[in-house]
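The structure under discussion appears below in the form of structure tokens.
There are 4 protein chains.
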Amino acid sequence: MQQNSKPVHSKIVHQAAVHKLLERGVEIADIAEIVYEMQAPYSPNLELKTCIESVEAVLEKREIQHAILVGIELDVLAEKKLLSEPLQSIIETDEGLFGCDETLALGSVFGYGSIAVTTFGHLDKQKIGVVQKLDTKIGSQVHTFLDDIVCSIAASASSRLAHRIRDLEEAAEESQQNQDQAG
Amino acid sequence: MQQNSKPVHSKIVHQAAVHKLLERGVEIADIAEIVYEMQAPYSPNLELKTCIESVEAVLEKREIQHAILVGIELDVLAEKKLLSEPLQSIIETDEGLFGCDETLALGSVFGYGSIAVTTFGHLDKQKIGVVQKLDTKIGSQVHTFLDDIVCSIAASASSRLAHRIRDLEEAAEESQQNQDQAG
Amino acid sequence: MQQNSKPVHSKIVHQAAVHKLLERGVEIADIAEIVYEMQAPYSPNLELKTCIESVEAVLEKREIQHAILVGIELDVLAEKKLLSEPLQSIIETDEGLFGCDETLALGSVFGYGSIAVTTFGHLDKQKIGVVQKLDTKIGSQVHTFLDDIVCSIAASASSRLAHRIRDLEEAAEESQQNQDQAG
Amino acid sequence: MQQNSKPVHSKIVHQAAVHKLLERGVEIADIAEIVYEMQAPYSPNLELKTCIESVEAVLEKREIQHAILVGIELDVLAEKKLLSEPLQSIIETDEGLFGCDETLALGSVFGYGSIAVTTFGHLDKQKIGVVQKLDTKIGSQVHTFLDDIVCSIAASASSRLAHRIRDLEEAAEESQQNQDQAG
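Protein chains in written order, with UniProt numbering: chain A, 1 to 183; chain B, 1 to 183; chain C, 1 to 183; chain D, 1 to 183.
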């Protein structure tokens, strides 16, 4: 049984995470739109394409892949009424004082700095774009964990983008200075 | 020098923290008003008095007292241009990618659950009440740390209140059930 | 269906959490022994009874109750092979780079200050007492989440105790001073 | 005053952070040795050179650079008795229940996942290598913040290395499979 002790390959984990998001109705472009809305005020020339790339980069991280798998698993089990009580009722009704969904999502947000954490909090309250759609429960759907996870990915991708844009600005500035000195 | 090795009494730390807030223009009632604005939609009969009590309870905690002392100290030193470079410039200009202010504030928010963390993020972006006033820098004032600390106290007091209100509801319910059974 | 929308009573959640711990082989006294081992070096007169009280106080908190329910649910489902792949394999083998177990446990540790967080990290590496027993998997048992949760409860109870002991010392000191002044 | 509004260039912040560490007696190789001690049991062929590279990569991050600047500034000000009371006494004596040092350090540890957090807690208790040296205060030196910051860098670099090693293993495996298929 040597194969069992070998960890699951990260490519398989990555594919499973993206696939689960799609199955639950969340496309990368949906998340990228939230990122665009968050960052556009600070970067007038921002394109959606850049936001999509940032979301994809965030989805490469093990921490967020694992959170996606765990969170969606619990949502789906709650939908199928397969959890034991009282957890079944707590997750099914998205109890106001239940915080494990935010905690799990926060775990991967931290990876992008304290600014990502405040963005996460903001998104979690404002329910922008696809998060609003997930929060408006239809029938027996359960998205208790998924809406926080989407906020987490969007907050991480926004923070990542803000850091990258600064890096690019600094690089452009240096290149300009070098030209000035050469000229 | 035995006295030096004895820790500072918590009463002194508590008084110093509240005093520093006042010196920097933040009254407990200002923070309580943010708490009121956050919690009133969920509790129709909420009174400002209850919010003041919750803010006072949060200010009893060592974690937040220490954060207040450290944060305000750094703001004041930056105001007096007494920090070394490049930290002086970073704090003085409240640099967008500087995150130590949020990190320090988050440390005490965590004490009130993951829901307090999302409320903190929301307040940090929305700049409600006194936070708005602090954020609108007049002259050479520096409030880089203070605005996050005020958000932290307000978020903690809001979360504390939400938990208390649930506890009271449950107690009232039980008392009603006992009366029904007795009747 | 009004009853469904009413949140589960906190007493039921508390009982369920303690019951689940017992079912999985963890008694309050086991956790209290870890607390004793952590705090005894700093408090020569510490009694196990005080540690038990501290563990019980920590178990009163919603944040930790919810983490216990979620964590044990995932362990049990993994044991029964009821999770979807690749999550089933990741949890079953307690994958080294899987961090959702630590993240979930950390969520409730934060409630007891940053010192609780460092104690958690220490316990998580040292595997003291019952944590060692849980980590030594027998047969098909899965304790991927439970060992972190036990570390979390022990770290929180240790930190809570450290703060209480300081409070008592200060109170004793004041009482002595009052007597000295009166005498 | 346009120059004032332009953020400090990240190269200057990076240089300042590394320079401050050196000034306070901490070399990159000192931190790399802690990383080596943490990771060597899991990677028999690990070289110190690889650990140095990992520490250097961690020091490229704004979050840790800022934490270094803030933490060392407070240590130095406390050493010079330039902080206001009671903060001066609290930091000077490295008060047991003061947690802002851990909080500040944790802010950048989070960036490397929850496993980095547990490693941080472990290092913070065990006081390995240079951390031990810093903790053994000589004369009027204050290292209240610095020892936690060193633990933070070491924990982050260890976690980063663990993830990299897994990536390399997976890449090697794939390359082997490709050869097997080609052969």
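C-beta atoms are modelled at their ideal positions from N, C-alpha and C, and glycine is treated no differently.
Give me the Cβ distance between residue i and residue j, rounded to the nearest whole Å; I'm assuming they're in contact under 8 Å.
i: D101/D; j: G71/D; result: 7 Å
i: A157/D; j: L123/D; result: Between L123/D and A157/D the Cβ distance is about 11 Å, and since that is not below 8 Å, they are no contact.
i: V8/D; j: P86/B; result: 4 Å
i: I12/C; j: A32/C; result: No, I12/C and A32/C are not in contact; Cβ-Cβ is about 24 Å, not under 8 Å.
i: G111/A; j: F110/D; result: 7 Å
i: A67/D; j: G107/D; result: 6 Å
i: T103/C; j: T50/A; result: Not a contact, Cβ separation roughly 29 Å.
Of the residues the options, which one's Cα is nearest the Cα of residue i?
i: T144/B; options: E92/B, A116/B and E174/B; result: E92/B
i: E37/C; options: A17/C, K81/C and L161/C; result: L161/C
i: P150/C; options: S140/C, Q132/C and Q141/C; result: In the sequence as displayed, the identity of residue 150/C is Val instead of Pro. When only C-alpha atoms are compared, the closest one is Q132/C.
i: F120/D; options: I34/D, L21/D and K6/D; result: I34/D
i: E60/B; options: A16/B, D135/B, E169/B and L97/B; result: A16/B
i: L77/D; options: Q141/D, V117/D and A182/D; result: Q141/D
i: S10/C; options: R164/B, L82/B, I28/B and A182/B; result: R164/B
i: G96/D; options: K81/C, S114/C and K80/C; result: S114/C
i: S43/C; options: E79/C, R62/C and R166/C; result: R166/C
i: A105/D; options: L82/C, Q176/C, V117/C and D94/C; result: V117/C
i: I128/A; options: G139/A, S152/A and I138/A; result: S152/A
i: L146/D; options: A40/D, E79/D, Q176/D and Q177/D; result: E79/D
i: D148/D; options: Q181/D, V26/D and K6/D; result: V26/D
i: Q18/C; options: A182/C, L134/C, Q179/C and Q65/C; result: The sequence given here places Val at residue 18/C; Gln does not occur at that position. Nearest of A182/C, L134/C, Q179/C and Q65/C to V18/C, Cα basis: Q65/C.
i: R62/D; options: D75/B, I90/B and K20/B; result: I90/B
i: I138/B; options: K20/B, R24/B and E169/B; result: R24/B
i: D135/D; options: K20/D, D94/D and L83/D; result: D94/D
i: V58/C; options: S159/C, N45/C and V130/C; result: S159/C
i: K20/B; options: L74/B, Q176/B and A40/B; result: L74/B
i: I28/D; options: E169/D, D180/D, L48/D and Q39/D; result: L48/D
i: K6/D; options: E170/A, N178/A, H14/A and S84/A; result: E170/A
i: Q88/A; options: N178/C, A40/C and L69/C; result: L69/C
i: L46/A; options: L168/A, Q179/A and L82/A; result: L168/A
What residues from chain B crowd round residue i, counting only those whose CB sits closer than 9 Å?
i: K120/A; result: A small fix is needed here, since residue 120/A is Phe in this sequence, not Lys. Within chain B, the residues near F120/A are V117, T118 and G121.
Along chain A, in chain order, which residues have C-beta atoms closer than 8 Å to that of residue i?
i: R62/D; result: G113 and H163
So residue i contacts chain C; which residues on that side make the cut at Cβ distance below 9 Å?
i: R166/D; result: G96 and L97
i: F145/B; result: Residues of chain C passing the Cβ test: none, with the nearest at roughly 17 Å.
If the cut is a Cβ gap below 8 Å, which residues of chain B does residue i touch?
i: C100/D; result: H66, A67, V70, L104 and G107
Give the residues of chain D in contact with residue i, contact being defined as C-beta atoms less than 8 Å apart.
i: L22/B; result: Those within 8 Å of L22/B in chain D number zero; the least Cβ separation is about 15 Å.
Which residues in chain A have a C-beta closer than 7 Å to the C-beta of residue i? List them in chain order.
i: L87/C; result: L69, V70 and E73
i: K125/B; result: T118 and H122
i: E79/D; result: Here the premise fails: no neighbours, minimum Cβ distance about 27 Å.
How would you list, in chain order, the residues of chain B whose beta-carbon sits under 7 Å from the beta-carbon of residue i?
i: S84/D; result: E73
i: E170/C; result: H9 and S10
i: I149/D; result: Here the premise fails: no neighbours, minimum Cβ distance about 11 Å.
i: I153/D; result: Ordered by position in chain B, no residue passes the 7 Å Cβ test against I153/D, which lies about 15 Å from the chain.
Could you work out which residues of chain D lie near residue i, taking near to mean beta carbons separated by less than 9 Å?
i: K11/C; result: None at all; the shortest Cβ gap to chain D is about 31 Å.
i: V26/B; result: In chain order: nothing, as chain D lies at least about 17 Å away.
Name the chain G residues whose beta carbon is nearer than 8 Å to that of residue i?
i: I138/B; result: Checking the listed chains, one finds no chain G in this structure; the protein chains it contains are A, B, C and D.
How would you list, in chain order, the residues of chain A whose beta-carbon sits under 9 Å from the beta-carbon of residue i?
i: A16/C; result: S84, E85, P86 and L87
I want to verify the contact list: residues of chain D whose CB lies under 7 Å from the CB of residue i, in sequence order.
i: I128/B; result: Within chain D, no residue comes near I128/B; the closest Cβ sits about 24 Å away, beyond 7 Å.
List, in order along the chain, the chain C residues whose C-beta lies closer than 8 Å to that of residue i?
i: I31/A; result: In chain order: nothing, as chain C lies at least about 20 Å away.
(request) Taking only runs that begin and end inside the stretch 48-124 of chain A, name each unbroken alpha helix (DSSP H) of 4 or more residues, in chain order. (result) If we require 4 residues or more, the alpha helix (DSSP H) runs fully inside the stretch 48-124 of chain A come out as 48-58, 62-79, 87-92 and 100-109.
(request) Would you list, in sequence order, the uninterrupted alpha helix (DSSP H) runs of no fewer than 4 residues that lie entirely inside the stretch 127-170 of chain A? (result) Restricting attention to alpha helix (DSSP H) runs no shorter than 4 residues, the stretch 127-170 of chain A encloses them at 130-135, ordered along the chain.
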